[in-house]
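Structure first, commentary second.
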Amino acid sequence: MGQAFYGFPIPFNNSTNSSNTLSFSTSFVFSINAPGHGLTFLISPSMDFTQAMPSQFLGLFNTTNNGNSTNRILAVEFDTVKSTEFLDIDDNHVGIDVNGLVSVESAPAAFFSNKQSKNISLKLSSKDPIRAWIEYNGVERLLNVTLAPLDTSKPKFPLLSRKMNLSEIFMEKMYVGFSASTGNITSSHYVIGWSFSREGKAQDFDLSLLPSISTPSPSDFDDLDPIPDPPSDSADDHNLHTCNHNLYD
Numbered sequence: 001m002g003q004a005f006y007g008f009p010i011p012f013n014n015s016t017n018s019s020n021t022l023s024f025s026t027s028f029v030f031s032i033n034a035p036g037h038g039l040t041f042l043i044s045p046s047m048d049f050t051q052a053m054p055s056q057f058l059g060l061f062n063t064t065n066n067g068n069s070t071n072r073i074l075a076v077e078f079d080t081v082k083s084t085e086f087l088d089i090d091d092n093h094v095g096i097d098v099n100g101l102v103s104v105e106s107a108p109a110a111f112f113s114n115k116q117s118k119n120i121s122l123k124l125s126s127k128d129p130i131r132a133w134i135e136y137n138g139v140e141r142l143l144n145v146t147l148a149p150l151d152t153s154k155p156k157f158p159l160l161s162r163k164m165n166l167s168e169i170f171m172e173k174m175y176v177g178f179s180a181s182t183g184n185i186t187s188s189h190y191v192i193g194w195s196f197s198r199e200g201k202a203q204d205f206d207l208s209l210l211p212s213i214s215t216p217s218p219s220d221f222d223d224l225d226p227i228p229d230p231p232s233d234s235a236d237d238h239n240l241h242t243c244n245h246n247l248y249d
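Position 151 of the sequence shown, counted from 1, bears residue number 151 in UniProt numbering, the numbering being contiguous throughout.
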């Protein structure tokens with residue numbers, strides 16, 4: 001079980017009257033080499049997950065706090081094991097989670113092919129790098145989750161689209177990051193590149209500069225952008241292009 005966070009809280013200014021202050025956009029590339037249990041992108045009021053459990057709890061919750069509204073956690077799960085207790089639809093799906101692991105919206109992992117005009121299945125635990133976009137429009141109160149293979153342009157249509165009011169979840173400042181867990185199967189979860197923005201589209205990053213996940217070494221990171229300084233309350237863009245976190249030893 002493990003977590004990787006941007007080390008400073010991001011202001012969401014939930015105390016203001018403007019719903020647009022909750023908008024955000026993030027893009028990242030990840031890889032999972034075996035179906036251990038899964039990876040999540042999460043937004044949380046704390047980085048303390050010492051009470052979280054592994055396996056089907058994905059390093060987020062435990063038997064006591066799963067589903068509690070006081071958690072104030074939004075997560076998008078990339079789940080590689082079917083957990084019937086959480087009503088998982090299959091062993092290869094993407095889900096939107098609010099304060100617990102019974103997803104409010106989920107779908108088998110797939111991407112919309114702009115060329116073929118249809119959804120094509122993706123295997124989350126294939127080890128092949130997958131790019132994800134998670135975008136929330138605070139005015140429309142709409143969360144979109146989109147997937148694609150690394151060498152494919154962003155699809156026209158998201159995999160998941162859910163109307164939700166994040167003002168009921170977010171506090172004025174929140175942490176953004178990732179969690180992952182394994183069960184009986186040894187698995188590695190990599191976040192190879194990550195961009196996050198509080199206003200507008202998340203900054204694109206040069207995919208050719210991403211480190212290899214097959215034989216990562218310190219030299220893989222020489223040409224990547226540095227992790228930025230701690231943000232001020234007015235900062236909008238927070239980009240972590242040096243992420244190559246194996247969330248498991």
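Using N, Cα and C, we set each Cβ at its ideal position, and we do this for glycine too.
Bear in mind the structure is a predicted one, so any value in this text is a computation, not a measurement.
Quiz item: Identify the residues that DSSP records as bridge partners of residue 316: which are they?
Solution: Here the chain covers residues 1 to 249 and nothing more, so residue 316 does not appear.
Quiz prompt | Neighbourhood of S46 by C-beta distance below 6 Å, restricted to the same chain and skipping five residues each side | solution = none
Exercise. Count the other CB atoms, across all protein chains shown, that sit within 10 Å of the CB of M174; report buried if there are 16 or more and exposed otherwise.
Key: buried
Exercise. State the DSSP-derived secondary structure class of E105, mapped to helix, strand or coil.
Key: Secondary structure of E105 (DSSP, three-state): strand.
Exercise. Identify every residue that forms a DSSP beta bridge with S174.
Key: Looking at the sequence provided, one finds Met at residue 174 rather than Ser. For M174, which the question treats as bridged, DSSP gives the partners I10.
Quiz item: Hey, is the stretch 108–127 in contact with the stretch 4–11, meaning 3+ C-beta pairs nearer than 8 Å?
Solution: no
Self-check item: DSSP state of E77 mapped onto helix, strand, coil
Solution: strand
Quiz item: Thinking C-beta only, is V145 closer than 8 Å to F30?
Solution: no
Quiz prompt | Residue burial classification, I120 (beta-carbon count within 10 angstroms, cutoff 16) | solution = exposed
Quiz item: Under a three-way DSSP split, which group does F24 fall into?
Solution: strand
Self-check item: Other residues of its chain near N65: CB distance less than 8 Å, five sequence neighbours each side excluded
Solution: Q51, N71
Practice problem: Apply the 10 Å Cβ neighbour rule to E135 and answer buried if 16 or more other Cβ atoms are within range, or exposed otherwise. | Solution: buried
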